[in-house]
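**Student:** This is the structure I want to talk about, given as structure tokens.
Number of protein chains: 2
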Amino acid sequence: MAAMPTFADRLQQKIREHSPLCVGIDPSAALLKSCGLPDSAEGALEFGKRVLEAADFRIAVLKPQSAFFERFGSSGFRALETLVQLARAREVPVLLDGKRGDIDTTAAAYAEGYFSATTTLRVDAITTHCYLGLAALEPFFAAAIAADGGVFVVVRSSNPEGQALQTARMSNGETVAQSLCREITARNVRQRPDGIGPIGAVVGATCDDANETVAALPHSFVLAPGVGAQGATMRDVLARMPAGRGRVLPNVSRAILANGSRREEIKTTIASLQDQARALL
Amino acid sequence: MAAMPTFADRLQQKIREHSPLCVGIDPSAALLKSCGLPDSAEGALEFGKRVLEAADFRIAVLKPQSAFFERFGSSGFRALETLVQLARAREVPVLLDGKRGDIDTTAAAYAEGYFSATTTLRVDAITTHCYLGLAALEPFFAAAIAADGGVFVVVRSSNPEGQALQTARMSNGETVAQSLCREITARNVRQRPDGIGPIGAVVGATCDDANETVAALPHSFVLAPGVGAQGATMRDVLARMPAGRGRVLPNVSRAILANGSRREEIKTTIASLQDQARALL
């Protein structure tokens, strides 16, 4: 029996088919209004469905932002679950953006919720934060590897407020971000010496050290937020992170509505963004 | 019309009545099994109810750990919501431990989910992480203040893996933790010059710098995890954080089952832990 392909294998295949564009689902009140949808869990689910159907499920990775579903309490979380199930049933890889993180059995409980065989909210990958130390995330890594999934650790965020902490110096002289890159790469190499491993990273394309950060993560996929509505273009991303060619996933969220919110308009916009995103390969 | 009491006012009143003990609800598979409950969302809710009823709702603060509910997907999140509603209906303050964190509209979306007037999962306070910078959490602080709620920022975690990052030096010479303490205190003083403000902190009692960290947070409540099952006692907490007298909330989770899992046994254990916790006042 053939082994199940890893998350990285599946994602690479999808990227070849559909470009590395990561489609973000961020149903804010403003976004739902612009789509003529109710500001409710139902509206959020309907928005996600509209995007998936507009793209005919032909995208490399879908990134729902948990916060925009959690704002509706448990009915929002149920809408998130339904959307994730719909995407995965059509073989669209789902990267859940929840920036979870904790230690010990609590970290294992999160991992169970998103990677176990029994959970109803199984995803392909999840974002995490590492304020408690990268090693504290081991239960996430172990569960992701067991499930052929992935974990994306936030290394360098795109907002200016994050820089002071992320570039603080540890006692060995490395910055926090450099230390994370080294530790992530060591784990990826152990798992997959000759390719892309299970631990990806989130790196804002606008950070001063974006390219050196991506260069220090040679075995990782890199999610690059902030393309489109936040001003950066696909060419900006490539210019700022040339070391990431073939591994960078540019994320667009609000920008998928740049040409209108009807299904045909979203379809055209996503196709155009995917064309542009191929420049990153 | 009298102003709504702030989170800090309400918590201080509850502490006077019931001691500063924070009762954690961490329904792991092992814990549910030891209670004879099914390892399901229903079991998790039933455990939370059993604890609340055993204590006759007479506790200063209830801290459900989101991860142990998220492990059941959306049905777990629904169980969490029901538990939170039950506790708050009986005026038990709820501190949701989810360590959320993000930037901009995403941070605002989380804040909406837990503090808005319309959410079904309204809590009194929430834990956050600040890998993206404390200032990125402003939407949480603003929403908490508007709702007379609180935000507990993880400053120093109890696990050894967190130390290198949390004590890294920023360009101004401060450690990450010291910088957070200064920024949290400045915000609290602006909000409440003469008492405890809306921004609390999580500080592991076993950290080397626990007391100096707590001393640098004179306007904050401090959640101290790890009492009981992880080995520390109430007297250890006091000995390690004397600067926090009157402001430290010792958290017990597994230890509430130390004398058995039946309602009467839990009742006796919580009463005994509350007696011990009064030493922190």
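These protein sequence lines are chains A and B, in that order.
Just so we're aligned, residue 22 is where the first sequence starts under the working numbering, counting upward by one.
Just so we're aligned, residue 22 is where the second sequence starts under the working numbering, counting upward by one.
C-beta: ideal position from N, C-alpha, C; glycine also.
Excluding five sequence neighbours on each side, which residues of the same chain lie with their C-beta closer than 8 Å to the C-beta of residue 39 of chain B?
**Tutor:** The answer, listed in chain order, is 79, 80, 81, 295.
**Student:** Are the beta-carbon atoms of residue 271 of chain A and residue 302 of chain A separated by less than 8 Å?
**Tutor:** Contact flag unset, no.
**Student:** Provide the residue span of the beta strand (DSSP E) that contains residue 9 of chain B, from first to last.
**Tutor:** The structure shown has nothing for residue 9 of chain B, since chain B only spans 22 to 302.
**Student:** Do the segment 251 to 269 of chain A and the segment 220 to 235 of chain A make contact, defined as three or more Cβ pairs closer than 8 Å?
**Tutor:** As far as the Cβ criterion goes, the segment 251 to 269 of chain A touches the segment 220 to 235 of chain A, which means the pair count is three or higher.
**Student:** Can you give the Cα-Cα distance for residue 154 of chain B and residue 244 of chain B, rounded to whole angstroms?
**Tutor:** Straight-line Cα distance between these residues: approximately 20 Å.
**Student:** Output the boundary residues of the beta strand (DSSP E) element that contains residue 83 of chain A.
**Tutor:** That run of the beta strand (DSSP E) goes 82 to 85.
**Student:** Rounded to whole angstroms, what's the CA-CA distance from residue 32 of chain A to residue 111 of chain A? Just pull it up for me.
**Tutor:** Spanning the two alpha carbons is a distance of roughly 14 Å.
**Student:** Look at the alpha carbon of residue 177 of chain A and the alpha carbon of residue 187 of chain A, and state the distance between them as a whole number of angstroms.
**Tutor:** If you take the alpha carbons of residue 177 of chain A and residue 187 of chain A, they lie about 6 Å apart.
**Student:** Alpha carbon to alpha carbon, how far is residue 179 of chain A from residue 227 of chain A? Give it in angstroms, no decimals.
**Tutor:** Each residue's alpha carbon lies about 6 Å from the other.
**Student:** Whose C-beta lies closer than 8 Å to the C-beta of residue 25 of chain B among residues of the same chain, with five residues either side of it excluded?
**Tutor:** Around residue 25 of chain B: 169.
**Student:** Chain A partners of residue 120 of chain B, CB-CB under 7 Å?
**Tutor:** Simply 122, 123.
**Student:** For residue 46 of chain B, which residues of its own chain have a beta-carbon under 6 Å away from its beta-carbon, when the five flanking residues on both sides are left out?
**Tutor:** Excluding positions up to five away in sequence, the list reads 69, 85.
**Student:** Could you tell me which chain E residues have their CB closer than 8 Å to the CB of residue 180 of chain A, listed as they occur along the chain?
**Tutor:** The structure shown contains no chain E; its protein chains are A and B.
**Student:** Nearest chain A C-beta to residue 130 of chain B closer than 8 Å, yes or no?
**Tutor:** Output row for residue 130 of chain B: interface = yes.
**Student:** Distance, Cα to Cα, residue 256 of chain B vs residue 72 of chain B?
**Tutor:** Their backbone Cα atoms lie some 24 Å apart in a straight line.
**Student:** Can you give me the Cβ contacts of residue 151 of chain B inside the same chain, cut-off strictly under 8 Å, excluding the 5 residues immediately before and after it?
**Tutor:** Same-chain partners within the cutoff: 122, 157, 158, 174, 175, 201.
**Student:** Can you give me the start and stop residues for the beta strand (DSSP E) that residue 217 of chain A sits inside?
**Tutor:** Taken as a continuous stretch (DSSP letters only), residue 217 of chain A belongs to no beta strand (DSSP E), as it is neither H nor E.
**Student:** If you reduce the DSSP assignment to three classes, tell me which class residue 302 of chain B lands in.
**Tutor:** In the structure shown, residue 302 of chain B sits in coil (DSSP, three-state: anything other than H, G, I, E or B).
**Student:** With DSSP as the reference, identify every bridge partner of residue 147 of chain B, one or two as the case may be.
**Tutor:** BP columns for residue 147 of chain B point to B/117, B/172.
**Student:** How many Å lie between residue 275 of chain A and residue 286 of chain A at the Cα?
**Tutor:** For residue 275 of chain A and residue 286 of chain A, the distance between alpha carbons rounds to 13 Å.
**Student:** So, with DSSP's three-state summary, where would you put residue 39 of chain A?
**Tutor:** The answer is helix: DSSP assigns residue 39 of chain A an H, G or I state.
**Student:** Do the segment 133 to 152 of chain A and the segment 100 to 118 of chain A meet, that is, are 3 or more Cβ pairs less than 8 Å apart?
**Tutor:** Segments in contact, yes.
**Student:** Over the uninterrupted beta strand (DSSP E) stretch that includes residue 273 of chain B, give me the two end residues.
**Tutor:** Here the beta strand (DSSP E) through residue 273 of chain B covers 269 to 273.
**Student:** Pick helix, strand or coil for residue 289 of chain B, following the three-state DSSP scheme.
**Tutor:** Note: residue 289 of chain B maps to helix in three-state DSSP.
**Student:** Straight-line CA distance for residue 240 of chain B to residue 207 of chain B?
**Tutor:** Between residue 240 of chain B and residue 207 of chain B, the C-alpha separation is close to 9 Å.
**Student:** Tell me, which residues are paired with residue 243 of chain B by DSSP?
**Tutor:** The partner list for residue 243 of chain B (beta bridge, DSSP) reads B/222, B/269.
**Student:** Can you give the Cα-Cα distance for residue 131 of chain B and residue 161 of chain B, rounded to whole angstroms?
**Tutor:** Near 8 Å, if we compare the C-alpha coordinates of residue 161 of chain B and residue 131 of chain B.
**Student:** Helix or strand or just coil, what does DSSP make of residue 203 of chain A?
**Tutor:** Three-state result, residue 203 of chain A: helix.
**Student:** Let me make sure I understand the geometry here. Which of B/114, B/66, B/137, B/50 has the alpha-carbon closest to that of residue 42 of chain B?
**Tutor:** The shortest C-alpha separation from residue 42 of chain B is found at B/114.
**Student:** Note down, in chain order, each residue of its chain lying with its Cβ closer than 8 Å to the Cβ of residue 22 of chain A, except the 5 sequence neighbours on either side.
**Tutor:** Low local confidence applies: a pLDDT of 46 at residue 22 of chain A is under 50, so the model's placement there is unreliable, and no value is given.
**Student:** Indicate the three-state DSSP secondary structure (helix, strand or coil) for residue 92 of chain B in the structure shown.
**Tutor:** Of the three classes helix, strand and coil, the one that applies to residue 92 of chain B here is coil, per DSSP.
**Student:** Should residue 140 of chain A go down as buried or exposed, given a rule of 16 or more other Cβ atoms within 10 Å for buried?
**Tutor:** Label assigned to residue 140 of chain A: buried.
**Student:** Does residue 142 of chain B come within less than 8 Å of chain A when only Cβ atoms are used?
**Tutor:** By this cut-off, residue 142 of chain B is an interface position.
**Student:** Please report how far the alpha carbon of residue 97 of chain B lies from the alpha carbon of residue 242 of chain A, in whole angstroms.
**Tutor:** Their Cα atoms are separated by approximately 31 Å.
**Student:** Using a C-beta cutoff of 8 Å, does residue 112 of chain A count as contacting chain B?
**Tutor:** Taking Cβ atoms only, chain B never reaches closer than 8 Å to residue 112 of chain A, which makes this a no.
**Student:** For residue 166 of chain A, I'd like the list of residues in its chain whose CB is within less than 6 Å of its CB, leaving aside the five on either flank, ordered along the chain.
**Tutor:** Cβ within range, chain order: 219.
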